[in-house]
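Student: The following block contains the structure, expressed as C-alpha coordinates.
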Amino acid sequence: MKILKFIDKHIKMLAIFIWIAGFLFIGLYNLFDWNLCTLFPPCEWLTNYGFICPACGGCRSLHSFITGDFINAFKYNITFTATYIMLIIFWGIFTFKIFKKQDYQKFTIKYLTVFGIIFIVLIILNTLLRNILPYPHL
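Using this note's numbering, the final residue of the sequence shown is 257, and nothing's skipped along the way.
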(Lines of atoms letter the chains of each structure in order from A and count residues from 1; the text may use other names and numbers.)
(Lines give C-alpha, C1' and ligand atoms only; values in the text may rest on other atoms or scores of the structure.)
Protein backbone atom coordinates (compact mmCIF):
# COMPACT_ATOMS: atom_id res chain seq x y z
CA MET A 1 0.00 0.00 0.00
CA LYS A 2 2.87 2.37 0.77
CA ILE A 3 4.35 1.72 -2.66
CA LEU A 4 1.08 2.64 -4.39
CA LYS A 5 0.82 5.85 -2.39
CA PHE A 6 4.44 6.68 -3.22
CA ILE A 7 3.83 6.06 -6.95
CA ASP A 8 0.62 8.09 -6.90
CA LYS A 9 2.41 10.96 -5.17
CA HIS A 10 5.32 11.00 -7.65
CA ILE A 11 3.47 9.95 -10.81
CA LYS A 12 4.36 13.12 -12.74
CA MET A 13 8.07 12.65 -12.12
CA LEU A 14 7.76 8.99 -13.14
CA ALA A 15 6.02 9.92 -16.39
CA ILE A 16 8.67 12.51 -17.27
CA PHE A 17 11.47 10.10 -16.31
CA ILE A 18 10.13 7.41 -18.63
CA TRP A 19 9.87 9.87 -21.56
CA ILE A 20 13.44 11.07 -20.94
CA ALA A 21 14.72 7.48 -20.57
CA GLY A 22 13.02 6.54 -23.84
CA PHE A 23 14.60 9.41 -25.75
CA LEU A 24 18.01 8.68 -24.22
CA PHE A 25 17.69 5.01 -25.21
CA ILE A 26 16.84 5.95 -28.79
CA GLY A 27 19.73 8.43 -28.93
CA LEU A 28 22.26 5.95 -27.55
CA TYR A 29 20.87 3.16 -29.72
CA ASN A 30 21.42 5.22 -32.86
CA LEU A 31 25.05 5.98 -31.90
CA PHE A 32 26.04 2.31 -32.10
CA ASP A 33 26.90 0.73 -35.45
CA TRP A 34 24.69 -2.37 -35.47
CA ASN A 35 26.33 -3.72 -38.64
CA LEU A 36 29.40 -4.65 -36.59
CA CYS A 37 27.65 -7.09 -34.27
CA THR A 38 25.57 -10.24 -34.54
CA LEU A 39 22.73 -8.97 -32.40
CA PHE A 40 19.98 -10.57 -34.45
CA PRO A 41 20.34 -14.34 -34.05
CA PRO A 42 18.42 -16.76 -36.29
CA CYS A 43 15.03 -17.89 -35.04
CA GLU A 44 15.19 -21.23 -33.21
CA TRP A 45 11.65 -22.19 -34.25
CA LEU A 46 12.35 -21.52 -37.89
CA THR A 47 15.71 -23.29 -37.77
CA ASN A 48 14.52 -26.39 -35.88
CA TYR A 49 10.85 -26.81 -36.84
CA GLY A 50 10.40 -24.86 -40.06
CA PHE A 51 7.63 -22.68 -38.62
CA ILE A 52 7.82 -18.93 -38.21
CA CYS A 53 7.22 -18.00 -34.57
CA PRO A 54 5.20 -14.93 -33.50
CA ALA A 55 8.40 -13.11 -32.52
CA CYS A 56 10.33 -13.73 -35.76
CA GLY A 57 11.61 -10.40 -37.00
CA GLY A 58 10.94 -8.70 -33.66
CA CYS A 59 14.54 -7.55 -33.12
CA ARG A 60 14.82 -6.27 -36.67
CA SER A 61 11.43 -4.62 -36.32
CA LEU A 62 12.58 -2.75 -33.20
CA HIS A 63 15.83 -1.74 -34.88
CA SER A 64 13.98 -0.44 -37.96
CA PHE A 65 11.39 1.34 -35.82
CA ILE A 66 13.99 3.11 -33.67
CA THR A 67 16.03 4.17 -36.70
CA GLY A 68 12.91 5.53 -38.40
CA ASP A 69 12.54 2.88 -41.12
CA PHE A 70 8.83 2.27 -40.42
CA ILE A 71 8.06 0.42 -43.66
CA ASN A 72 10.64 -2.27 -42.93
CA ALA A 73 9.57 -2.36 -39.29
CA PHE A 74 6.07 -3.36 -40.42
CA LYS A 75 7.48 -5.84 -42.94
CA TYR A 76 9.62 -7.61 -40.34
CA ASN A 77 6.90 -8.00 -37.71
CA ILE A 78 3.65 -6.07 -37.85
CA THR A 79 2.61 -7.19 -34.35
CA PHE A 80 5.70 -5.78 -32.66
CA THR A 81 5.53 -2.53 -34.65
CA ALA A 82 1.85 -2.05 -33.81
CA THR A 83 2.72 -2.72 -30.17
CA TYR A 84 5.40 -0.01 -30.17
CA ILE A 85 2.96 2.47 -31.66
CA MET A 86 0.17 1.56 -29.22
CA LEU A 87 2.54 1.86 -26.24
CA ILE A 88 3.74 5.29 -27.35
CA ILE A 89 0.15 6.47 -27.83
CA PHE A 90 -0.84 5.02 -24.46
CA TRP A 91 2.05 6.68 -22.66
CA GLY A 92 1.32 10.01 -24.35
CA ILE A 93 -2.34 9.97 -23.32
CA PHE A 94 -1.43 8.68 -19.86
CA THR A 95 1.06 11.52 -19.36
CA PHE A 96 -1.47 14.07 -20.63
CA LYS A 97 -4.12 12.79 -18.20
CA ILE A 98 -1.66 12.96 -15.30
CA PHE A 99 -0.76 16.58 -15.99
CA LYS A 100 -4.39 17.58 -16.56
CA LYS A 101 -5.23 15.92 -13.20
CA GLN A 102 -7.75 13.60 -14.81
CA ASP A 103 -8.54 10.08 -13.65
CA TYR A 104 -5.75 8.08 -15.26
CA GLN A 105 -6.46 4.82 -13.39
CA LYS A 106 -9.76 4.07 -15.18
CA PHE A 107 -8.16 4.99 -18.49
CA THR A 108 -5.24 2.66 -17.78
CA ILE A 109 -7.43 -0.34 -17.01
CA LYS A 110 -9.68 0.30 -20.02
CA TYR A 111 -6.81 0.90 -22.44
CA LEU A 112 -4.74 -2.06 -21.29
CA THR A 113 -7.76 -4.36 -21.70
CA VAL A 114 -8.32 -3.16 -25.26
CA PHE A 115 -4.57 -3.28 -25.93
CA GLY A 116 -4.37 -6.86 -24.66
CA ILE A 117 -7.21 -8.01 -26.91
CA ILE A 118 -5.74 -6.29 -29.97
CA PHE A 119 -2.30 -7.73 -29.18
CA ILE A 120 -3.60 -11.31 -28.88
CA VAL A 121 -5.59 -11.03 -32.13
CA LEU A 122 -2.56 -9.59 -33.95
CA ILE A 123 -0.28 -12.34 -32.64
CA ILE A 124 -2.65 -15.09 -33.80
CA LEU A 125 -3.32 -13.53 -37.21
CA ASN A 126 0.32 -12.66 -37.79
CA THR A 127 1.51 -16.16 -36.90
CA LEU A 128 -1.10 -17.89 -39.05
CA LEU A 129 -0.65 -15.65 -42.08
CA ARG A 130 3.14 -15.75 -41.96
CA ASN A 131 3.12 -19.56 -41.95
CA ILE A 132 0.44 -19.93 -44.65
CA LEU A 133 1.53 -17.22 -47.10
CA PRO A 134 5.06 -16.87 -48.47
CA TYR A 135 6.97 -14.43 -46.30
CA PRO A 136 10.14 -13.12 -47.99
CA HIS A 137 11.32 -10.76 -45.23
CA LEU A 138 12.85 -13.35 -42.89
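Just so you know, even glycine gets a beta-carbon here, dropped at the ideal spot from N, CA and C.
In this text the structure is predicted, and so the values were computed from the model without any measurement.
(1) Between the beta-carbon of I207 and the beta-carbon of I145, is there less than 8 Å?
(2) Give every residue of the same chain whose Cβ lies closer than 8 Å to the Cβ of M132, excluding the five residues on either side of it in the sequence, and list them in chain order.
(3) For the alpha helix (DSSP H) containing I243, list its first residue and its last residue.
(4) Would the segment 212-228 and the segment 183-201 be scored as touching if the rule is three or more Cβ pairs under 8 Å?
(5) Taking one C-beta from the segment 215-227 and one from the segment 192-204 each time, how about it: are there three or more such pairs within less than 8 Å?
(6) Quick one: what's got a C-beta closer than 8 Å to N245's C-beta in the same chain, skipping five residues either side?
(7) Could you check the C-alpha separation between K179 and I135 for me, to the nearest Å?
(8) Going straight from the alpha carbon of Y168 to that of I242, what length do you get?
(9) Please classify T166 as buried or exposed, where buried requires at least 16 neighbouring CB atoms within 10 angstroms.
(10) Where do the ends of the alpha helix (DSSP H) carrying K216 lie?
(11) In chain order, what residues of the same chain lie with their CB nearer than 7 Å to the CB of T200, ignoring the 5 residues before and after it?
(12) Can you tell me where the alpha helix (DSSP H) with F136 in it begins and where it stops?
(13) Please specify which runs of the alpha helix (DSSP H), each continuous and at least 4 residues long, are wholly inside the segment 160-185, giving them in chain order.
(14) Does the beta-carbon of Y223 have 16 or more other beta-carbons within 10 angstroms, so that it is buried, or is it exposed?
Tutor: So, from the data block:
(1) no
(2) none
(3) Counted as a single uninterrupted DSSP element, the alpha helix (DSSP H) harbouring I243 occupies residues 223-251.
(4) With the cut-off at 8 Å, the segment 212-228 and the segment 183-201 do not touch.
(5) no
(6) So the qualifying residues of the chain are P173, N196, I197, T198.
(7) Going by the sequence as given, residue 179 is Arg instead of Lys. Straight-line spacing of the CA atoms in R179 and I135 works out to 28 Å.
(8) 19 Å
(9) exposed
(10) 197-218
(11) S180, F184, A192, F193
(12) Counting along the chain, the alpha helix (DSSP H) containing F136 begins and ends at 130-150.
(13) 163-168, 177-185
(14) Label assigned to Y223: buried.
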